[in-house]
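Accompanying notes for the structure given below.
Numbering (my numbering), first residue to last: 2 to 176.
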């Protein structure tokens with residue numbers, strides 16, 4: 002089967018299953034936006050406050066784009082569990098916020114990459130794929146805000162938490 006055959010057989014609009022995945026992605030985007038806004042309200046950011054504001058705005062834009070795509074099926078509410086689980090890490094300390102956000106954005110890249118593979122409709126897949134690209138850029142920006150170097154802190158820039166865990170599980174220690 003050729004790629005053009007696969008693409009031509011795919012629905013353009015989100016399927017019912019896609020709508021569920023996209024609704025969840027919207028709730029996640031709203032929770033992440035609210036986490037950045039909470040950190041900014043607490044005083045985080047310093048010289049980088051405009052970066053945190055921009056990243057929060059990106060997540061708000063994701064939520065709006067998803068809402069446009071799935072209409073009334075969009076929950077228009079944040080994922081309260083995700084917000085509560087991460088709220089303590091999004092306080093006034095800019096470096097701590099940047100590191101927590103780095104981990105969160107890295108997790109979003111991994112999760113949303115899986116979502117892209119699960120979506121049947123091409124519009125939803127294209128939208129979530131575009132989010133993944135920006136979230137990956139957030140990861141690098143947040144590591145830099147945290148004062149990390151792409152030279153001496155390579156793992157923060159190149160290794161996902163999942164890859165590090167998988168590598169640790171497959172590495173054999175030689176005595």
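C-beta: ideal position from N, C-alpha, C; glycine also.
As the structure is a prediction and not an experimental result, all values here were calculated from the model.
- Note on the segment 15 to 85: whole alpha helix (DSSP H) runs with a minimum of 4 residues are 17 to 43, 50 to 71, in chain order.
- Counting C-beta pairs closer than 8 Å gives three or more between the segment 67 to 87 and the segment 19 to 35, which meets the contact rule.
- The segment 26 to 41 and the segment 93 to 105 touch, with no fewer than 3 CB-CB distances between them shorter than 8 Å.
- Cα atoms of residue 148 and residue 154: separation of roughly 10 Å, rounded to the nearest angstrom.
- Just so you know, the alpha carbons of residue 15 and residue 75 end up roughly 12 Å apart.
- Restricting attention to 105, 151, 80, the CA atom closest to the CA of residue 91 is found in 105.
- Beyond the five residues adjoining it in sequence on each side, residue 57 comes within less than 6 Å, by CB distance, of 34, 37, 38 in the same chain, given in chain order.
- Residues of the same chain with a CB within less than 7 Å of the CB of residue 66, apart from the 5 flanking positions on each side, are 128 in chain order.
- With respect to the 8 Å criterion, residue 103 and residue 140 are classified as neighbours on the basis of their beta carbons.
- Taking C-beta atoms as the reference points, residue 143 and residue 111 fail to come closer than 8 Å.
- The beta carbon of residue 119 sits closer than 7 Å to those of 22, all from its chain and outside the five residues before and after it, given in chain order.
- In this structure, residue 122 sits near residue 11, with a CB-CB distance shorter than 8 Å.
- The Cβ neighbour count for residue 116, taken over all protein chains shown within 10 Å, is at least 16; the residue is labelled buried.
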